[in-house]
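Residue numbers (the UniProt record's numbering): 1 to 714. Each residue gets a CB set at the ideal place from its N, CA and C atoms; glycine is no exception.
Shown next, in the form of structure tokens:
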């Protein structure tokens with residue numbers, strides 16, 4: 001039953017505590033299919049999470065989920081900052097983690113409210129009439145620095161990045177627009193180019209800058225296109241910042257005030273949305289206020305949405321940093337947020353909701369599942385990323401691929417503002433090319449259509465029902481005058497999950513053998529596949545994208561005995577119905593949602609006389625293991641590779657770039673049979689450090705060949 005539920009796209013949360021069943025997450029479209037399973041007796045909607053006021057934001061965007069296992073994110077170790085209209089009151093929800101760098105301005109309730117929404121811990125909630133921790137913010141363990149915006153905000157942002165090592169900078173403000181200056185809506189001017197430069201690292205290190213989209217749509221100061229479009233106030237037309245519109249936390253509807261795009265050159269704004277008000281209930285966002293209070297009526301705006309997004313970004317920084325090392329590519333995180341956002345409004349991106357309402361749980365899961373690649377693109381480059389869409393899965397989610405890059409700052413009021421133009425093309429298994437969603441700025445209410453995007457530095461392609469087979473994401477360096485351009489692409493899984501560990505045979509009987517193993521990386525994981533080998537059978541292993549069923553005889557002597565996600569670290573899985581005094585071999589693999597398989601780990605046992613065999617002690621065989629770490633280069637000055645030869649002979653192990661050009665020859669000699677290891681220090685044949693990007697290891701000996709991928713990030 002568990003395996004069938006997984007095939008339907010269900011995510012098993014936990015078993016029910018008192019009787020057989022599960023708490024799970026599943027698409028509405030698959031509920032009837034789930035009800036049709038023979039083993040399903042009843043289905044009930046899960047109990048709502050107990051909530052009050054501001055935690056409506058947390059539940060809506062998935063923050064509650066990622067602060068529970070297996071994510072356990074809190075913003076710990078992440079440095080955030082804000083520029084706002086005054087000094088922040090040292091509310092007990094964040095005072096121990098907050099430093100007011102600039103102290104000239106008066107204490108402002110708006111500044112305090114935004115800070116609590118971003119990173120308050122809700123410590124005073126119960127003593128102020130709420131449930132325990134009810135009014136906590138998004139990243140309750142993040143460090144916070146505060147400035148006001150009355151002086152040279154660009155210099156202060158440089159100071160934030162360079163002196164205080166800020167990673168996420170919240171800006172719930174914008175330049176005022178009234179009847180006398182309506183023409184500045186959408187301008188790539190003022191400090192917009194400076195903001196683009198800051199994101200890229202002009203302050204000493206890259207920094208994610210989050211801005212509110214503005215609350216200009218309902219103020220009636222200026223005539224707007226089609227009654228509401230084209231009211232993005234400066235400096236939000238900057239290209240590399242994350243601009244956040246406001247939805248209602250209780251129903252995902254659009255607020256009446258949130259500013260809509262396009263900007264002057266037709267680019268999409270906002271990028272994404274987050275809750276900034278509430279349609280029912282209290283009708284506002286409940287968060288920290290001055291004098292250790294909370295409130296209150298009237299606290300709605302894209303300011304609150306931006307703060308919620310900034311705190312969410314801090315959680316994603318924590319997730320990335322803990323897995324790969326320090327995060328330094330803001331465009332990758334922006335691509336991840338756009339890729340995993342809940343599509344609202346018209347299908348595809350639009351000028352109201354951007355790419356959709358942020359989904360922190362989906363973004364965190366995608367980060368931890370290795371669904372992102374960073375690479376360099378130069379003029380006329382054509383870079384291909386093949387990936388598999390499996391067949392045989394019921395309820396496969398839509399395919400969304402997003403390309404993003406932090407573009408060099410452009411000239412003020414440039415039209416278009418884009419400097420480096422990259423293009424994304426998705427190629428399906430039949431060779432059909434699919435282009436990104438594009439909008440018509442002259443008719444902004446129309447739905448997106450597929451076409452060539454020469455305006456935005458975030459390109460989005462989605463396919464509702466992807467055809468099973470091998471796809472390719474193709475990135476073109478169409479016009480790259482200031483290259484190479486570092487870019488990020490997300491949405492497919494190039495990397496398999498970690499192999500199972502400690503795979504052993506235990507508890508033999510004359511007719512059965514027990515198997516135990518450890519599961520690794522629970523987020524990038526769907527289940528284990530275990531195959532029994534008998535009668536001297538040999539199997540090459542699964543091909544990515546293949547689907548198997550328990551009991552399936554793949555070929556003579558090769559049988560699938562297990563395909564599920566259960567803990568068998570201590571309680572064995574028993575393979576029964578075996579012949580007495582017979583030796584059986586077993587191979588265990590881990591697989592993820594897209595049926596990408598890990599390298600296999602082997603063991604064997606004899607009914608009545610168990611033995612466990614470490615793969616390194618078994619007969620020599622040809623293999624090329626996954627490079628470790630991967631990605632490499634973030635705090636690691638080398639990547640290690642384990643490989644094996646089945647027989648002695650000449651062997652070549654070399655590194656190539658995506659265009660097939662030799663980067664470095666690591667091994668070119670005659671080697672004995674057995675296991676070998678080699679390291680690469682990220683330098684080419686001439687000793688020069690390589691640029692960030694994806695590279696390919698290729699092992700060749702005799703007629704055997706194997707290729708693995710590694711991302712090197714400088």
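TODO: Would you decide whether residue 318 is buried or exposed? Buried here means 16 or more other CB atoms lie within 10 Å of its CB.
DONE: Reading the chain shown from its first residue, position 318 is the one you call residue 318. It is buried - the Cβ of residue 318 has at least 16 other Cβ atoms within 10 Å.
Open item on the list: Taking only three categories from DSSP, how would you classify residue 293?
Closed with: Counting from one through the chain shown, the residue named residue 293 turns up at place 293. Residue 293 falls in the strand class under three-state DSSP.
Open item on the list: On a Cα-Cα basis, can you pick out the residue from 528, 545, 557 that is closest to residue 537?
Closed with: The residue given as residue 537 occupies position 537 in the chain shown. The candidate whose alpha carbon is nearest that of residue 537 is 557.
TODO: Report the rounded CA-to-CA distance for residue 712 versus residue 542, giving the unit in angstroms.
DONE: For the purposes of this step, residue 712 is taken as the residue at position 712 of the chain shown. For the purposes of this step, residue 542 is taken as the residue at position 542 of the chain shown. Answer to the nearest angstrom: the Cα atoms are 27 Å apart.
Task: Residues near residue 2 by beta carbon distance below 8 Å, same chain, minus five either side - done: Taking the first residue of the chain shown as 1, we reach residue 2 at position 2. Here the set comprises 12, 22, 564, 565, 566.
Open item on the list: Measuring only the C-alpha atoms, how far is residue 237 from residue 663?
Closed with: As a position in the chain shown, residue 237 is number 237, starting the count at 1. As a position in the chain shown, residue 663 is number 663, starting the count at 1. Between residue 237 and residue 663, the C-alpha separation is close to 40 Å.
Open item on the list: Taking the beta strand (DSSP E) that residue 384 belongs to, which residues open and close that run?
Closed with: The residue given as residue 384 occupies position 384 in the chain shown. Counting along the chain, the beta strand (DSSP E) containing residue 384 begins and ends at 382 to 389.
Task: Nearest-angstrom Cα separation, counted from residue 549 out to residue 35 - done: The count along the chain shown starts at 1 and reaches residue 35 at position 35. The count along the chain shown starts at 1 and reaches residue 549 at position 549. For residue 35 and residue 549, the distance between alpha carbons rounds to 21 Å.
Task: Identified DSSP bridge partners for residue 206 - done: As a first step, residue 206 must be located in the chain shown, where it is residue number 206. In DSSP, residue 206 forms no bridge with anything.
- [ ] Using a threshold of 8 Å, state whether the C-beta atoms of residue 381 and residue 692 are closer than that.
- [x] Within the chain shown, the letter at position 381 stands for residue 381. Within the chain shown, the letter at position 692 stands for residue 692. Taking 8 Å as the Cβ cut-off, residue 381 and residue 692 do not qualify as a contacting pair.
Open item on the list: Helix, strand or coil, according to DSSP, for residue 54 in the structure here?
Closed with: The count along the chain shown starts at 1 and reaches residue 54 at position 54. Any reading at residue 54 must be qualified, since the residue scores a pLDDT of 39, below 50, and its modelled position is unreliable; no value is offered.
Open item on the list: Just to confirm my understanding: we take residue 241, look at its own chain, exclude 5 residues before and 5 after, and list those with CB closer than 6 Å. What are they?
Closed with: For the purposes of this step, residue 241 is taken as the residue at position 241 of the chain shown. Excluding residues within five positions, the ones whose Cβ falls inside 6 Å are 195, 209, 211.
TODO: Name the residue from 104, 139, 125 whose alpha carbon lies nearest to the alpha carbon of residue 80.
DONE: Here residue 80 refers to the residue found at position 80 of the chain shown. Of the candidates 104, 139, 125, the one whose C-alpha sits nearest the C-alpha of residue 80 is 139.
- [ ] Could you tell me which of 109, 93, 166, 146 sits nearest to residue 132, measuring between CA atoms?
- [x] Indexing the chain shown from 1 puts residue 132 at position 132. Of the candidates 109, 93, 166, 146, the one whose C-alpha sits nearest the C-alpha of residue 132 is 93.
Open item on the list: Does residue 233 pass the burial test, meaning 16 or more other C-beta atoms within 10 Å, or should it be called exposed?
Closed with: On the chain shown, position 233 is the one that residue 233 refers to. Per the 10 Å Cβ criterion, buried.
- [ ] Mind reading off the beta-carbon distance from residue 40 to residue 312? Whole number of angstroms is fine, and I expect it under 8 Å.
- [x] Residue mapping note: residue 40 aligns to position 40 of the chain shown, counting from 1. Residue mapping note: residue 312 aligns to position 312 of the chain shown, counting from 1. That belief does not hold up - the Cβ atoms of residue 40 and residue 312 are roughly 35 Å apart, past 8 Å.
Open item on the list: As an exercise, report each continuous beta strand (DSSP E) stretch of at least 3 residues that is fully enclosed by the region 88 to 162, in chain order.
Closed with: For the region 88 to 162, whole beta strand (DSSP E) runs of length 3 or above, ordered along the chain, are 98 to 100, 143 to 148.
Open item on the list: Threshold first: 3 residues or longer. Then list the beta strand (DSSP E) segments lying entirely within the region 163 to 241, N to C.
Closed with: 168 to 171, 208 to 212
Open item on the list: Check whether the region 483 to 499 and the region 396 to 414 touch, using three or more Cβ-Cβ pairs below 8 Å as the test.
Closed with: yes
Open item on the list: Under 7 Å: does the beta carbon of residue 431 sit that close to some heavy atom of the ligand GDP?
Closed with: Ligands in the displayed structure: none, and consequently the ligand GDP is not present.
Open item on the list: So the candidates are 351, 180, 302; which of them puts its Cα closest to the Cα of residue 736?
Closed with: With the chain covering only 1 through 714, there is no way to say anything about residue 736.
Open item on the list: In whole angstroms, give me the CA-to-CA distance for residue 349 and residue 360.
Closed with: On the chain shown, position 349 is the one that residue 349 refers to. On the chain shown, position 360 is the one that residue 360 refers to. Using only the alpha carbons, I get a separation of about 18 Å.
Open item on the list: Excluding the 5 residues flanking residue 623 on each side, which residues of the same chain have their C-beta closer than 6 Å to its C-beta?
Closed with: What you label residue 623 is simply residue 623 of the chain shown in a count that begins at 1. Taken in chain order, the residues that qualify are 644.
Open item on the list: Which runs of the beta strand (DSSP E) at least 3 residues long sit entirely within the region 418 to 464? Give them in chain order.
Closed with: You should have 421 to 427, 458 to 463.
Open item on the list: Can you tell me which residues form a DSSP beta bridge with residue 540?
Closed with: To locate residue 540, count along the chain shown from 1; it is residue 540. Bridge partners of residue 540: none, in fact.
TODO: Check whether the Cβ atoms of residue 631 and residue 320 sit closer than 8 Å, and answer yes or no.
DONE: For the purposes of this step, residue 631 is taken as the residue at position 631 of the chain shown. For the purposes of this step, residue 320 is taken as the residue at position 320 of the chain shown. No; because the gap between Cβ atoms is not below 8 Å, this pair is not in contact.
TODO: Kindly indicate which three-state DSSP category residue 275 falls into: helix, strand or coil?
DONE: The residue given as residue 275 occupies position 275 in the chain shown. When secondary structure is reduced to three states using DSSP, residue 275 falls in the strand class.
Open item on the list: According to DSSP, simplified to helix, strand and coil, what is residue 480?
Closed with: Numbered from 1 along the chain shown, position 480 holds the residue referred to as residue 480. Coil.
TODO: Please go through the same chain and pick out, in chain order, the residues whose beta-carbon is closer than 7 Å to the beta-carbon of residue 678, but skip the five residues on each side of it.
DONE: Counting from 1 along the chain shown, the entry for residue 678 is found at position 678. Counting only Cβ-Cβ distances below 7 Å, and skipping sequence neighbours, we find 641, 653, 666, 667.
Open item on the list: Please state whether the Cβ-Cβ distance between residue 731 and residue 599 is less than 8 Å.
Closed with: Nothing can be reported for residue 731, as the shown portion of the chain is limited to 1 through 714.
Task: For residue 61, three-class secondary structure by DSSP - done: One-based indexing of the chain shown puts residue 61 at position 61. In the three-state DSSP reduction, residue 61 falls in the helix class (H, G or I).
TODO: Return the Cβ separation of residue 255 and residue 276 in integer angstroms, given the expectation that the two are a contact with Cβ distance under 8 Å.
DONE: Within the chain shown, the letter at position 255 stands for residue 255. Within the chain shown, the letter at position 276 stands for residue 276. Contact flag correct, Cβ pair sits at about 6 Å.
Task: residue 689, enclosing beta strand (DSSP E) - first and last residue - done: Walking along the chain shown from the start, residue 689 turns up at place 689. Residue 689 -> no beta strand (DSSP E), and no H or E assigned at all.
Task: Whole runs of the alpha helix (DSSP H) within the region 301 to 341, excluding any shorter than 4 residues - done: 302 to 324, 330 to 340
Task: Buried versus exposed, by CB contacts within 10 Å (16 or more), residue 369 - done: Within the chain shown, residue 369 is the residue found at index 369, counting from 1. Its Cβ being crowded by 16 or more others within 10 Å, residue 369 is buried.
TODO: Could you check the C-alpha separation between residue 570 and residue 594 for me, to the nearest Å?
DONE: Looking up residue 570 in the chain shown gives position 570. Looking up residue 594 in the chain shown gives position 594. Straight-line Cα distance between these residues: approximately 28 Å.
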